[in-house]
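Chemist: Under our numbering, the sequence shown has 260 at position 277, and the numbering climbs by one with no breaks.
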Amino acid sequence: MGLLDWLFGGDDAATGILVDPTVIEARIDQVVGIVNPRLKLVPGYRRRLAPAVEQAILYCRTIEAQIPRAIEATAAMWAESPTLRAVFASARDVPTVFSRSRSVQDFFDSKPDADQVWAALRFIRREEPRVVVAANGELMQRDVVRTAVSCVDKKVVLPSGCEHEARLEIRRRAFRFLVTEALRQIVSAEAAGKDLAIERSILIGRLMILRGQRAGLETVVGHGGRTAAQIEEVEASLARNEQALAACATPGDALEHAIERIQQVLTHGADHLRIETVQLRLDQMNLVVPEGPPAAAVDIALPLVVVRSAPVISLLPCSFPRRDLIGRRTLLDDAQRLVC
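(1) Is it buried or exposed, A279, if we count other Cβ atoms within 10 angstroms and call 16 or more buried?
(2) Find out if the Cβ-Cβ distance for the pair D(-5), I46 is shorter than 7 Å.
(3) Excluding the five sequence neighbours on either side, which residues of its own chain have a C-beta within less than 6 Å of the C-beta of D3, listed in chain order?
(4) What span of residues does the beta strand (DSSP E) with Q262 cover, start to end?
(5) For P294, which three-state DSSP category applies?
(6) Tell me which same chain residues have a C-beta within less than 7 Å of the C-beta of T(-2), skipping the five on either side of it?
(7) Excluding sequence positions up to five away, which residues of its chain have a Cβ less than 6 Å from the Cβ of V272?
(8) Any idea if E274 is buried or exposed, counting beta-carbon neighbours within 10 angstroms, 16 or more meaning buried?
(9) Which of the three DSSP states, helix, strand or coil, is assigned to A280?
(10) Going by DSSP, name the residue or residues bridged to R105.
(11) How is P51 classed by DSSP in three states: helix, strand or coil?
(12) For the ligand MG, any of its heavy atoms closer than 6 Å to the Cβ of M268?
(13) So the candidates are I296, L308, R312, R311; which of them puts its Cα closest to the Cα of A109?
(14) So is I258 buried or exposed if we call it buried at 16+ other beta carbons inside 10 Å?
(15) Just grab the DSSP bridge partners of A131 for me.
(16) Does the Cβ of K137 have 16 or more other Cβ atoms within 10 Å, making it buried, or fewer, making it exposed?
(17) Helix, strand or coil: which one does DSSP assign to R75?
(18) Beta-carbon within less than 6 Å of R52's beta-carbon, same chain only, minus the 5 sequence neighbours each way: which residues are those?
(19) In angstroms with no decimal places, state the Cα-to-Cα distance between V127 and A56.
(20) If distances are taken between C-alpha atoms only, which option among F303, P20, R10 comes closest to L249?
(21) How would you label R150, buried or exposed, when you count the other beta carbons within 10 angstroms and need 16 or more for buried?
(22) Let me confirm a value: R68 is counted as buried when at least 16 other C-beta atoms fall within 10 Å, else exposed. Which label applies?
(23) Could you check the C-alpha separation between K342 and G310 for me, to the nearest Å?
(24) Flag this pair as yes or no: are the beta carbons of L287 and S82 separated by less than 7 Å?
(25) Within the chosen definition, does the segment 158 to 174 reach the segment 13 to 29 through at least 3 CB pairs nearer than 8 Å?
(26) So, with DSSP's three-state summary, where would you put P20?
(27) Quick one: grab the DSSP three-state call for D96.
(28) When you compare only the Cα positions, how much space is there between F303 and L270?
(29) With S73 and P142 assumed to form a contact (beta carbons below 8 Å), what rounded beta-carbon distance in angstroms separates them?
(30) Which stretch, first to last residue, makes up the alpha helix (DSSP H) that contains I245?
(31) With P65 and I283 assumed to form a contact (beta carbons below 8 Å), what rounded beta-carbon distance in angstroms separates them?
(32) Using the Cα positions of D285 and F106, report the straight-line distance between them to the nearest angstrom.
(33) Please confirm if T313 has its CB atom under 7 Å from at least one CB of chain C.
(34) If you draw a straight line from the alpha carbon of I169 to that of H240, how long is it in whole angstroms?
(35) On the criterion of 16 or more Cβ atoms from any shown chain inside 10 Å, does G252 qualify as buried, or is it exposed?
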């Protein structure tokens, strides 16, 4: 069994609310392998993890189902597709972006019989105010503030020869993301516990010094009141520290804490990863058009991948044909001409 088979064994290609037990078992193995192999020492770890893993599998199916079907990303389709016009500034930009992707070039190199590649275009949507001239009925108004939409930081990801397989890969990566998030929280909690233990030692040392000073010459030289106030402040900090430390996992129950954290994250997937859709009404200049009848406006929908503590990105599934691929040599020559 290879590494990828171990990570993603027991592929979940099903739909609906039933999960094959072999898929659950494979995903439990994946969780343990990523988080901590010593979780196998916890009695009944499979029984305890199974419900949370099953719920996460179902949630990842939902994530994949919310990703729209692929659109044809070609220079010829740019004029006909409002979505492509919103994302790309010109028809030429479509094949250029895909051809500059090393993964796309490598895909076509490795599969000479493939006529197209399925891939997701990842980008960030920006909205900025812009002062324009706009029509108001039969009158033209100057200095009208409109919202301009632009799509930047484009990158082609998840290239595949089959859209079905690529969508399964989205499920796998979504599940792995949730498991990695659980691991991040476990490691963060362990680090916080260590920091609190160090802080407690420092506070205890500080408290012993202050109490020693109060019992010594401090009262003789007239600084006893100040020392008493400092003692109260350190004692209060120590009480808060011990309260926080009591909530942390101890070395003896670290594995138990890890099981609980995994259960928490996998059963609340939407708190960490979700798909949303933004509806935009744009004109030919990618300016947001207010509600109304202008015929020049088009309505588009862009899927958003929302991850906690990370920028919101858009993910647009596309099919890109080999016939539109710009060769590496041509791309290099174009880049050299721009430099010169």
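We treat Cβ as the ideally placed atom computed from N, Cα and C, and that holds for glycine.
Predicted, not measured: the structure shown is a model, and the values here were computed from it.
Modeler: Reading from the atomic positions:
(1) Exposed, since its Cβ has fewer than 16 Cβ neighbours within 10 Å.
(2) No. Outside cutoff.
(3) Cβ-Cβ distances below 6 Å link D3 to nothing in the same chain once the five nearest sequence neighbours on each side are left out.
(4) Note, Q262: beta strand (DSSP E), 256 to 265.
(5) P294 sits in coil when the DSSP states are folded into three classes, being neither helix nor strand.
(6) So the list reads R44, once near-sequence residues are dropped.
(7) Once the five neighbours on either side are set aside, the close Cβ partners of V272 are R264, D266, A280.
(8) Result: exposed.
(9) DSSP places A280 in coil when its eight states are reduced to three.
(10) Answer by DSSP bridge pairing, in chain order: K138, L298.
(11) Secondary structure of P51 (DSSP, three-state): coil.
(12) This structure does not include the ligand MG; it has no bound ligands of any sort.
(13) One detail in the question is off: residue 109 reads as Arg in this sequence, not Ala. Nearest of I296, L308, R312, R311 to R109, Cα basis: I296.
(14) The residue in question, I258, is buried, as its Cβ has 16 or more Cβ neighbours within 10 Å.
(15) In the DSSP assignment, A131 is bridged to E111, L270.
(16) Result: buried.
(17) Reduced to three states, the DSSP call for R75 is coil.
(18) Closer than 6 Å at the Cβ level, and outside the excluded window around R52, lies no residue.
(19) About 33 Å.
(20) The residue among F303, P20, R10 with its C-alpha nearest the C-alpha of L249 is R10.
(21) Within 10 angstroms of the beta-carbon of R150 lie 16 or more other beta-carbons, which makes it buried.
(22) Answer is buried; the Cβ neighbour count reaches 16.
(23) Outside the shown range of the chain, which is -16 to 323, sits residue 342, and nothing can be said about it.
(24) No, Cβ-Cβ distance for L287 and S82 is not below 7 Å.
(25) Yes: at least three Cβ pairs fall under 8 Å.
(26) P20 falls in the helix class under three-state DSSP.
(27) Three-state DSSP puts D96 in coil, outside helix and strand.
(28) So the alpha carbons of these two residues sit roughly 27 Å apart.
(29) That belief does not hold up - the Cβ atoms of S73 and P142 are roughly 23 Å apart, past 8 Å.
(30) Here the alpha helix (DSSP H) through I245 covers 237 to 249.
(31) Cβ atoms of P65 and I283 come within 8 Å of each other, at about 5 Å.
(32) The sequence given here has Leu at residue 285, not Asp. CA-to-CA, the gap between L285 and F106 works out to about 11 Å.
(33) Of the protein chains in the structure, only one exists, and it is not chain C.
(34) Computed Cα separation, rounded: 8 Å.
(35) Buried, because 16 or more other Cβ atoms sit within 10 Å of the Cβ of G252.
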